[in-house]
RNA sequence: GCGAGAGUGGCGGAAUGGGUAGACGCGUCAGAUUUAGAUUCUGACGGCUCUAAUAGGCCACUGUGGGUUCGACUCCCACCUCUCGCACCA
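In my numbering, the protein residues as written are 5 to 829.
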């Protein structure tokens, strides 16, 4: 790629003389205005400003070693356009940027090179900041935060302590993927389908290990209910609803034969199918498995349970595989009809949902049907769409209908039956209505180095206490080696002087510090609050400032965070609301997801495919303004779309045309009416399109205006002024430069947004089209609001219309004022 | 399997409280300018047809097949394809 200037011309097209510049030198213009904005603090948000606030937020990036890719500037440009527009409309805009700086890649790199993650992270942040500035993005850099900064994570730890104090953080033994070969715990994505580690190919086993958990389930109801009031894409809200997974049903107790007093409790959403139960299933981890199993079945059951334990989550949750299971030899008694049904153990039942045991109704559940068919278990039909039995079923009927084979309940509709039997079971003390959630508590610890340390101490007596608030932040110690300890603990466990927690006065040993660290999600759960008050050393955020800026008015980022980050952040926000730190129940009022930018070949950009476009190269060759405007012109923001180098050439060409329009003499004469109309339509369109975030059509309208302007001999000041104001949020460097050259005081991004004259936008003449039987047969240009009967007369007199209706009787004439006349024959 | 969304020229995409389909840009071709190339400017780019030419006319067309309507890219039904998310949650 060429290193400088003019991306179109090949050589010798030197710009000479300020009046005759045929092209603009983006490198010098960009540097000039980026320095200017920085020197003037243009994008600093004033907490005390009397103007109404507008808070625009980007999902902050993980500063990877690879630097920015072209996907980042897409969302950032969109928010930058909105920010500049809102400033121009008179808002005080908060538009900050920061770094999601803890995380695995830096630690992995440290493992390979021995360079401390802090050093590489700082280096990467500097590079990201440079790249973001080079795009002319207007951020308030005074509010920059990094989650790995002790002044920041002090408050992440503080929030954790509050969660801990209120019983929302607890320890539990969770089954995890443990890889002895690597000496570490692995995430599900790091384990292959064969049950080996992706790196190294070592065997991975399932092992229960102590983990810190956050009780997000305590907020399930509110997290679900409050989605309704959010201006978010419906698809994202649906994904969160599915993830939370509220499910209404009943828990029912079954007696176990031979174990008097013991009850097997199950959860079902279909208590109306109780008469169709033909077997029961326990999950392999269910505590009753051993006691229910008969001696002659013990060997089979034990080997099945052992095999299930060895499987990874990925293997066990593969719904397409055949359903396995073994009979325990034990029986349960159906409480509605006293029937004995066999109890099986099968790994298609999960210990982590409901009670870890189910009643199986093969006639009306696809999974039970599949299992029963495979193991020769009877199938009893108890629901029918029309109340008549249908004989042997080819597959499970999971719909609702009318009860059959259900004793005195026969003939009831599903919904009524559910209510009735739940009530009857409750009256007998063997059941109750129950709501279950798919959402699980959040595994909040990682056995890693590069994350926030837990501010907790395990005392000798087994209790766990938080360290005093004045000892925060609890900083990460420097380590020699980043290798995991090999015991499933983090590298921190290898540093005795850090782990041993002693009384500050007496030096007596009090206990041992927690050596796990927090997951990467922790820091991103509340960063949007810290921007509001980034240097506060007494609280995570000051209450007055919080009420000044929150909630976030517009949040833009990738859809890959649809569930995890956005759900975790909502959870923490609600908790902070409960303890009085924030004043709103939801953090993000409006959410927009930008679509992925694919490579020029139409597939996802990746190093291995060699289709990655580097923003540095694009900015150097075409300029930041071209890059920004092109990314917005590619198509709707939310849509996935391929990069096109030809496309950016076209946008650069447009900006050159704008540039040349400003060369030479500018007249103060009023523009011809047609051009003035075009200008006002453009102002209207661009204003609406920024509000709707449909930037592509706004840019198209500006292109149309420029094409119109070129048809005139003269350059009219009013047109140039309006154009540069509209264009400036998209191409801010060019905007500032042209604004200054028009003789205005910079910066253009604080000028007033132009308004349009409704009288000029309204047409005084319209083209009305004539149809015969819906087919276009002619048109006429008439003054607006020409009366219907006049239009009808014109249509019926039109030569071509007459030709098409001749000989046929006119049945009906439909007249739509200012639009069309349709003659039906 | 379940849930959500999308199918429009050679390409990216416009237009949906039903009313001129293809704005704007890319690309291709031709012409003007230029020593030449690049840049810039003008025009053409579904098929057929009329005319000396201009203007004009006819037909087809928004994934497929039906339906509603004077009129459907837009609404309804069925199907096909693609993308994304979840994936044994009882």
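Glycine residues also receive a C-beta, built at the ideal position from the N, C-alpha and C atoms.
Compute the beta-carbon to beta-carbon distance between residue 282 and residue 333, rounded to the nearest angstrom, for a pair I have assumed lies under 8 angstroms. Within the first chain, residue 282 is the residue found at index 278, counting from 1. Within the first chain, residue 333 is the residue found at index 329, counting from 1. Taking 8 angstroms as the upper bound for CB-CB distance, residue 282 and residue 333 are not in contact here, some 16 angstroms apart.
Assuming residue 714 and residue 641 form a contact by the criterion Cβ under 8 angstroms, report the distance between their Cβ atoms to the nearest whole angstrom. As a working note, residue 714 is residue 710 in the first chain. As a working note, residue 641 is residue 637 in the first chain. Not really, about 29 angstroms apart at Cβ, beyond 8 angstroms.
For the pair the stretch 481-492 and the stretch 113-128, tell me if three or more CB-CB distances fall below 8 angstroms. A contact exists between the stretch 481-492 and the stretch 113-128.
Using alpha carbons as the reference points, say which of 54, 213 and 175 lies closest to residue 188. Position 184 of the first chain, counted from the start, is the residue given in the question as residue 188. When the alpha-carbon of residue 188 is set against those of 54, 213 and 175, the nearest one is in 213.
Of the residues 438, 800 and 708, the one placed nearest residue 817, counting alpha carbons only: Walking along the first chain from the start, residue 817 turns up at place 813. Taking only the C-alpha atoms, the option nearest residue 817 is 800.
Alpha helix (DSSP H) runs wholly inside the stretch 406-455, at least 4 long, in chain order: Secondary structure within the stretch 406-455: the alpha helix (DSSP H) runs of 4 or more consecutive residues, fully enclosed, are 418-431 (chain order).
Close Cβ partners of residue 289 (< 6 angstroms) along its chain, the five nearest in sequence each way excluded: Looking up residue 289 in the first chain gives position 285. Closer than 6 angstroms at Cβ, skipping near neighbours: 355.
Looking at the structure shown, is residue 230 part of a helix, part of a strand, or coil, going by DSSP? Translated into positions along the first chain, residue 230 becomes position 226. In the three-state DSSP reduction, residue 230 falls in the helix class (H, G or I).
Residue 143 and residue 77: beta carbons closer than 8 angstroms? Within the first chain, numbered from 1, the residue matching residue 143 stands at position 139. Within the first chain, numbered from 1, the residue matching residue 77 stands at position 73. Not a contact, by the Cβ cut-off of 8 angstroms.
Straight-line gap, residue 553 to residue 51 (C-alpha atoms, nearest Å): For the purposes of this step, residue 553 is identified with residue 549 of the first chain, where counting begins at 1. For the purposes of this step, residue 51 is identified with residue 47 of the first chain, where counting begins at 1. Taking the straight line from one Cα to the other gives about 8 angstroms.
Cα-Cα separation between residue 22 and residue 85, rounded to whole angstroms: Within the first chain, the letter at position 18 stands for residue 22. Within the first chain, the letter at position 81 stands for residue 85. Low local confidence applies: a pLDDT of 39 at residue 22 is under 50, so the model's placement there is unreliable, with the coordinate-based value given in what follows. Rounded to whole angstroms, residue 22 to residue 85 spans 29 angstroms at the Cα level.
Give me the Cβ distance between residue 569 and residue 591, rounded to the nearest whole Å; I'm assuming they're in contact under 8 angstroms. Position 565 of the first chain, counting from 1, holds the residue named residue 569. Position 587 of the first chain, counting from 1, holds the residue named residue 591. In this structure, residue 569 and residue 591 do not form a Cβ contact; the two beta carbons are roughly 11 angstroms apart against a cut-off of 8 angstroms.
Roughly how many angstroms separate the alpha carbons of residue 655 and residue 780, rounded to a whole number? As a position in the first chain, residue 655 is number 651, starting the count at 1. As a position in the first chain, residue 780 is number 776, starting the count at 1. Each residue's alpha carbon lies about 36 angstroms from the other.
Can you give me the C-alpha to C-alpha distance between residue 341 and residue 375, rounded to a whole angstrom? Here residue 341 refers to the residue found at position 337 when the first chain is read from its first residue. Here residue 375 refers to the residue found at position 371 when the first chain is read from its first residue. If I take the Cα positions, the gap works out to 23 angstroms.
Distance, residue 256 Cα to residue 371 Cα: In the first chain, residue 371 corresponds to position 367, counting from 1. In the first chain, residue 256 corresponds to position 252, counting from 1. One C-alpha to the other measures close to 20 angstroms.
Residues in its own chain within less than 6 angstroms of residue 382 by CB, not counting five upstream and five downstream? On the first chain, position 378 is the one that residue 382 refers to. Contacts found: 282.
Under a Cβ-count criterion, where at least 16 other Cβ atoms within 10 Å of its own Cβ denotes burial, should residue 443 be classed as buried or exposed? In the first chain, counting from the first residue as 1, residue 443 sits at position 439. Burial call: buried.
Which one or two residues does DSSP pair with residue 462 in a beta bridge? To locate residue 462, count along the first chain from 1; it is residue 458. Residue pairing for residue 462: DSSP places it in a beta bridge opposite 468 and 516.
On the CB-based measure, 16 or more other CB atoms within 10 Å of its CB, does residue 515 come out buried or exposed? Taking the first residue of the first chain as position 1, residue 515 is located at position 511. Buried: at least 16 other Cβ atoms inside 10 Å.
Pairing CB atoms from the stretch 759-767 with CB atoms from the stretch 38-55, are three or more of them under 8 angstroms? The answer is no - the stretch 38-55 does not touch the stretch 759-767, with fewer than three Cβ pairs under 8 angstroms.
Alpha carbon to alpha carbon, how far is residue 670 from residue 692? Give it in angstroms, no decimals. Along the first chain, one-based indexing puts residue 692 at 688. Along the first chain, one-based indexing puts residue 670 at 666. Annotation: residue 692 to residue 670 spans about 29 angstroms, alpha carbon to alpha carbon.
Cβ distance (whole Å) where residue 560 is taken to contact residue 598 below 8 angstroms: For the purposes of this step, residue 560 is taken as the residue at position 556 of the first chain. For the purposes of this step, residue 598 is taken as the residue at position 594 of the first chain. With a beta-carbon spacing of about 6 angstroms, residue 560 and residue 598 fall inside the 8 angstroms limit used to define contacts.
Per-residue burial, residue 389 [other beta carbons within 10 Å of its own, 16 or more giving buried]: Residue mapping note: residue 389 aligns to position 385 of the first chain, counting from 1. Counting Cβ neighbours within 10 Å, residue 389 comes out exposed, since fewer than 16 surround it.
At which residues does the beta strand (DSSP E) containing residue 335 begin and terminate? Stepping through the first chain from its first residue, residue 335 is reached at position 331. Element bounds for residue 335: 330-337.
With DSSP collapsed to three states, give me the class of residue 183. Counting from one through the first chain, the residue named residue 183 turns up at place 179. Three-state result, residue 183: strand.
Quick one: using the 10 Å Cβ neighbour count with 16 as the cut-off for buried, is residue 677 buried or exposed? The residue given as residue 677 occupies position 673 in the first chain. Under this definition residue 677 is an exposed residue.
Could you round the C-beta distance between residue 616 and residue 603 to whole angstroms and report it? I think they count as a contact, below 8 angstroms. Taking the first residue of the first chain as position 1, residue 616 is located at position 612. Taking the first residue of the first chain as position 1, residue 603 is located at position 599. Contact between residue 616 and residue 603 is confirmed by a C-beta separation of about 7 angstroms, below the 8 angstroms threshold.
Alpha-carbon spacing of residue 369 relative to residue 363, whole angstroms: Stepping through the first chain from its first residue, residue 369 is reached at position 365. Stepping through the first chain from its first residue, residue 363 is reached at position 359. C-alpha separation (whole angstroms): 11 angstroms.
Just list the alpha helix (DSSP H) runs in the stretch 340-379, keeping only unbroken ones of 4 residues or longer that don't cross its boundaries, in chain order. Runs of the alpha helix (DSSP H) inside the stretch 340-379: 370-379.
Residue 313: which of 66, 41, 392 and 211 sits nearest, CA to CA? Within the first chain, numbered from 1, the residue matching residue 313 stands at position 309. Nearest of 66, 41, 392 and 211 to residue 313, Cα basis: 211.
Excluding the 5 residues flanking residue 808 on each side, which residues of the same chain have their C-beta closer than 7 angstroms to its C-beta? As a working note, residue 808 is residue 804 in the first chain. Here residue 808 has 776 and 781 as same chain residues with Cβ atoms under 7 angstroms from its own Cβ, once five neighbours each way along the sequence are excluded.
Taking Cβ to Cβ, would you say residue 150 is nearer than 8 angstroms to residue 105? By 1-based counting over the first chain, the position of residue 150 is 146. By 1-based counting over the first chain, the position of residue 105 is 101. In this structure, residue 150 lies near residue 105, with their beta-carbon atoms less than 8 angstroms apart.
Should residue 171 go down as buried or exposed, given a rule of 16 or more other Cβ atoms within 10 Å for buried? Here residue 171 refers to the residue found at position 167 when the first chain is read from its first residue. Residue 171 is classed as exposed because its beta carbon has fewer than 16 other beta carbons within 10 Å across all chains shown.
Any contact between the stretch 432-441 and the stretch 497-514? By contact I mean 3 or more CB pairs, one from each, below 8 angstroms. Output reads no: the stretch 497-514 does not touch the stretch 432-441.
Beta strand (DSSP E) containing residue 494: first to last residue? Walking along the first chain from the start, residue 494 turns up at place 490. Here residue 494 belongs to no beta strand (DSSP E), and DSSP marks it neither H nor E.
Opposite residue 720 in the DSSP bridges: which residues? Reading the first chain from its first residue, position 716 is the one you call residue 720. Residue 720 pairs with 671.
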